[in-house]
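Chains A and B, in that order, give the protein sequences. Going letter by letter, the first sequence gives residues 703 to 1295 in the numbering used here. Going letter by letter, the second sequence gives residues 101 to 265 in the numbering used here. Read through the structure below, which is laid out as structure tokens, and then see the notes.
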Amino acid sequence: MADQAHRRAPDNQTEENPSANNHAYEELRHLIIAPEQEELADIQERLDDRARRTRDVSSVVAEAISMRRDQHGERALAQALAPTVQETLRESVRHDPHPLADALFPVMGPAIRKSISEALRGMLESFNEALEHSLSARGIKWRIEALRTGKPFAEIVLMHSLLFRVEQVFLIHRHTGLVLSHVVARQVATQDASLVAGMLSAIQQFVRDSFDSKNEESLDSLNVGELEVWIEEGPDAVLAAVIRGHAPSDYRLTMKEALEEIQQRYSSALENFKGDAAPFLSAEEPLIRLLAARHREPAAKKRPSAALATLAILGVLLVAYFGYSMYLRYEWSRFLHAVRGQPGIVVISYGREGGRYHIQGFKDPLAPDPNTLLKQAGLDPQNAQFDLAPYYSLDDSMVAQRARQLLHPPEGVTLSENHGELHVEGTASPQWISRVQERAPYIAGVASVDTSHLQNSHLLQLNAPKSAVESVILVFPIGRAELEAGQENTFAQIQKGIREIVYRASRLGEQTTVELTGHSDSTGIEGTNMLLSQERADNIRGALVRGGAPAANLHTRGVGATQPLRPEDTEESRRLNRSVTFRITFTPPSSGN
Amino acid sequence: MLQKKICMLGSFSVGKTSLVRRFVESLFSEAYQTSIGVKVDKKVVHVNNEDVTLVLWDIHGEDVYQKIHMSYLRGMSGYLLVIDGTRRQTLEDALALNQRVMQEVGKVPAILVLNKSDLVDRWEIDSDRESELSAAGWIILRTSAKTGASVEQLFSQLAAATLTE
Ligand SMILES: Nc1nc2c(ncn2[C@@H]2O[C@H](COP(=O)(O)OP(=O)(O)O)[C@@H](O)[C@H]2O)c(=O)[nH]1
Ligand SMILES: [Mg+2]
């Protein structure tokens, strides 16, 4: 109705009514531009309403990106998006690294492995080459040479280190620690797999908790007695290999590879695992492959029999060599032991150098030549080099030997050494004796000299008259200090003997001391007996001096009944105890006392 | 065969190890428990015509000196919350521990084990408290690791509960 009215209006009111005119104009304008205006308002609304705008853009955004990429190549778009994508990734990792890591795991593993294996390949190749050579005839020649020259047989050790055996492989559900699959090499005794798996994951967990809770990295191997357990963890599964011997480090790559394969192949089964291991039956296959990866025998594949024969020969040679070198080592240790026990040689260090034993230390000039000791031990002196600096040994036997060399003791004299004191025993000329007394203290290792058992050989001629005097016993009556009658002759002989001895000794440069000892029998009072015995000795001395004996050389003492010559069981014994006896000693004047 | 990881939880000296020791196959020495705080044992039970291997994580009892490694609970299908019936405090401690366990792993089947049932004259848990706990939804079993009473049943019952989950 309103529409009709508006449309009719211009016909009547155009001229006379300006306001009516105006109205008509509005109506006209409206008629012309209203639809556009409405459209504009709609567009305006579209632009203002965020939700609508978003909806509109969302319907074309994928096409737009794709179109943009087709038009200008990837670069512009990639450049525009890169900061945002980077920021997004960073934020995602910061928030929780696991989703991204888990998503990337199947991709990242092979990528990392590839770059590592590139680096390793060179090394492995040269390693394999070395191994092949070592099994060839040339290799053996090298080896024998290495053995002969005594070089460290690093190659053998290297080869030895390649021998290993994987005895068991466990596939463990990471979250629960339950065993998913378990394979065992033949003839290996095993324990309950579920217990081992559980305990392994407990230990893993413990290590993770105890050492670095933030870092998801954890224990990747552990030693159990002779065995090593290598552990490889993925997001949902854990591989554990029980290894005897030393596996090469690239075995870890093999494990990683197997784990990635399993992670990928069983990803949903791993995620939904509720304790039923049935879906993992087929996972045994990659585990068995891990088990089979024992020692590599690259050469054996090509020429098994030749390589085997070579190995056998090598084995025999090795055993022979080891046997021989063990024997030599044993002989050498015996030799070293002997050298160490040898007075006058001190071993400071020894070792093997260029196939020869090198022995360093000190040697006394008088000690035996070590090469002689070598020959005695049945060892080749060619194999040894001695580097022994001279020194003076203070070992008793070495000092005695040195003294012997310097003093030239005559026959009948023995030298011995005891902690710095040189004992000289026997009979020698007075010249030699004085030389000993003069020189011995200057010998290295000699602190003092004991010549008390050394006798002047010239005094031997005085032995007969000396013992003649010393065998005499002059006897006295009871309680008296005068000689019993009837001993005048005996006394005269003594007088003559002493005079002669003193005279002849002085001509040999010796001083004579005559000691007279007075005795009494045990009857009477002790004090009186002492006095009586002293008086008896003094009387005899007086008589001798009066008869011409030099007073200075005669000494007396009375011992009473304390040193009876006989046990007093008879009257005759008692009589002999009332006596005076003689003792004669010689002393060289130089030695003073 | 089905396997289930089960944890033994409770205060120090309530009898967790004794319960396990009575009915399980052991491989590892108990020294592990003091060194890493857990020992893994195994028990096979037969429920619902099926053999179920319970892999039992006997976790060292919590005390003032030693806190439980909560991460040991990861992936468990159920647990036994063991208390010593002659020490009321072990019940309160166990319930507090249970709160933390629920926070860590959510709700999984559990049995409240009142152990040392042979020591009746020293019993400290009154029947009011017990019915209060059953009302709160606890499955409660009185056991004795010493006499063996209800121990087999304990493990079978928990195994059955984990199967219906
Ligand atoms: N009388 C009795 N003693 C028990 C029982 N269970 C455990 N015990 C004893 O309680 C002590 C602690 O047991 P244990 O198993 O080591 O406790 P855990 O620390 O929880 O592992 C030991 O002396 C056990 O002999 C039971 O059922 N009855
Ligand atoms: Mg215990």
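Beta carbons: idealized from backbone N, C-alpha and C, even for Gly.
What are the partner residues of residue i, as DSSP defines its beta bridges?
i, result
"A/F872", "A/H884, A/A942"
"A/G1053", "A/H1060"
"A/F1288", "A/T1214"
"A/V935", "The sequence given here has Glu at residue 935 of chain A, not Val. For A/E935, which the question treats as bridged, DSSP gives the partners A/V940."
"A/T1219", "A/R1259, A/T1283"
"A/A1102", "DSSP lists no partner for A/A1102."
"B/W157", "B/C107, B/V140"
"A/Y953", "None; A/Y953 has no bridge partner."
"A/D750", "Partner(s): none; A/D750 has no beta bridge."
"A/H1125", "A/S1118, A/D1152"
"A/F866", "A/G947"
"B/R242", "B/L214"
"A/S923", "A/W932"
"B/D221", "BP columns for B/D221 are empty, so no partner."
Please classify residue i: is it buried, with 16 or more other beta-carbons within 10 angstroms of its beta-carbon, or exposed?
i, result
"A/E728", "exposed"
"A/R1238", "buried"
"A/D1223", "buried"
"A/G1122", "exposed"
"A/R1243", "buried"
"B/D158", "buried"
"A/E820", "Note on A/E820: pLDDT 48, under 50, position unreliable in the model; the coordinate value appears next. Classification for A/E820: exposed."
"A/Q1103", "buried"
"B/K207", "exposed"
"B/K116", "buried"
"A/M957", "buried"
"B/V120", "buried"
"B/S231", "exposed"
"A/N1241", "buried"
"A/I1015", "exposed"
"A/T1272", "exposed"
"A/V795", "exposed"
"A/R823", "Because the pLDDT at A/R823 is just 46, under 50, the model does not fix this residue reliably, and the value given afterwards should be weighed accordingly. With fewer than 16 other Cβ atoms within 10 Å, it is exposed."
"B/S217", "buried"
Between which two residues does the beta strand (DSSP E) carrying residue i extend?
i, result
"B/K105", "102-110"
"A/Q1087", "1086-1092"
"A/Q1157", "1150-1158"
"A/R1277", "That residue, A/R1277, is in no beta strand (DSSP E); its alpha helix (DSSP H) goes 1273-1278."
"A/N1165", "Note, A/N1165: premise wrong, no beta strand (DSSP E); alpha helix (DSSP H) at 1165-1172."
"B/L181", "178-184"
In the DSSP assignment, find the alpha helix (DSSP H) that holds residue i and state where it starts and stops.
i, result
"A/A1069", "Unbroken run through A/A1069: none, as it is neither H nor E."
"B/V120", "116-123"
"A/V1247", "1228-1248"
"A/Y968", "Element bounds for A/Y968: n/a, residue is neither H nor E."
"B/V205", "188-205"
"A/A980", "Taken as a continuous stretch (DSSP letters only), A/A980 belongs to no alpha helix (DSSP H), as it is neither H nor E."
Would the C-beta of residue i count as close to ligand 4, meaning under 7 angstroms from any of its heavy atoms?
i, result
"B/G161", "The ligand content of the structure shown is limited to ligand 1 and ligand 2, which means ligand 4 is not among them."
If we cut at 8 angstroms on Cβ distances, does residue i have a partner in chain D?
i, result
"B/S171", "The structure shown contains no chain D; its protein chains are A and B."
Check: Taking any Cβ of chain A, which residues in the region 108-124 of chain B have a Cβ under 8 angstroms from it, in chain order?
Finding: Result list empty, no residue passes.
Next item on the list: Determine which residues of the region 888-906 of chain A have a Cβ less than 7 angstroms from any Cβ of chain B, and write them out in chain order.
Entry: Q893, D894, S896, L897, G900, M901, A904, I905
Checklist line | Against chain A: residues of the region 137-167 of chain B by CB proximity under 9 angstroms | finding: G137, V138, K139, V140, D141, K142, V152, T153, V155, L156, W157
Next item on the list: Give a yes or no on contact between the region 1226-1242 of chain A and the region 1258-1276 of chain A, applying the rule of three or more CB pairs nearer than 8 angstroms.
Entry: yes
Note to self: I want to know whether the region 1141-1156 of chain A touches the region 1099-1118 of chain A - three or more CB-CB distances under 8 angstroms.
What the structure shows: yes
Note to self: Does the contact criterion of 3 or more C-beta pairs under 8 angstroms hold for the region 1153-1162 of chain A versus the region 1127-1138 of chain A?
What the structure shows: yes
Checklist line | Cβ contact check for the region 106-113 of chain B and the region 186-202 of chain B: 3 or more pairs under 8 angstroms | finding: A contact exists between the region 106-113 of chain B and the region 186-202 of chain B.
Next item on the list: For the region 927-936 of chain A and the region 955-965 of chain A, state whether three or more C-beta atom pairs, one from each stretch, are separated by less than 8 angstroms.
Entry: yes
Checklist line | Given 8 angstroms, three or more beta-carbon pairs between the region 137-152 of chain B and the region 191-200 of chain B | finding: As far as the Cβ criterion goes, the region 137-152 of chain B does not touch the region 191-200 of chain B, which means the pair count is below three.
Note to self: Would the region 1263-1282 of chain A count as touching the region 1216-1230 of chain A if we require 3 or more Cβ pairs under 8 angstroms?
What the structure shows: By the criterion of at least three beta-carbon pairs nearer than 8 angstroms, the region 1263-1282 of chain A is in contact with the region 1216-1230 of chain A.
Notebook entry, point to check: Within the chosen definition, does the region 1090-1099 of chain A reach the region 1040-1057 of chain A through at least 3 CB pairs nearer than 8 angstroms?
Noted result: yes
Notebook entry, point to check: Residues in the region 864-879 of chain A with C-beta within 7 angstroms of chain B's C-beta atoms, listed in sequence order?
Noted result: H877, T878, G879
Item checked: Chain-ordered residues of the region 202-218 of chain B with a beta carbon less than 9 angstroms from chain A -> none
Note to self: If the cut-off is 9 angstroms on Cβ atoms, which residues from the region 235-246 of chain B count as contacting chain A, listed in chain order?
What the structure shows: none
Next item on the list: Answer yes if the region 973-982 of chain A comes into contact with the region 893-902 of chain A, meaning at least three C-beta pairs across the two stretches below 8 angstroms, and no otherwise.
Entry: no
Check: Closer than 8 angstroms, Cβ to any Cβ of chain B: which residues of the region 933-959 of chain A, in chain order?
Finding: Hits within the stretch: zero.
Margin query: With three or more beta-carbon pairs closer than 8 angstroms as the criterion, would you say the region 1272-1281 of chain A touches the region 1198-1210 of chain A?
Written below: No, because fewer than three Cβ pairs between the region 1272-1281 of chain A and the region 1198-1210 of chain A fall closer than 8 angstroms, the two stretches do not touch.
Next item on the list: Say whether the region 1069-1082 of chain A touches the region 1050-1057 of chain A, bearing in mind that this needs 3 or more beta-carbon pairs closer than 8 angstroms, one atom from each stretch.
Entry: no
Next item on the list: Determine contact between the region 874-889 of chain A and the region 900-909 of chain A, defined as no fewer than three beta-carbon pairs at a distance below 8 angstroms.
Entry: Judged by Cβ distances under 8 angstroms, the region 874-889 of chain A makes contact with the region 900-909 of chain A, as three or more pairs qualify.
Item checked: Residues of the region 1045-1072 of chain A whose Cβ lies closer than 7 angstroms to any Cβ of chain B, in chain order -> none
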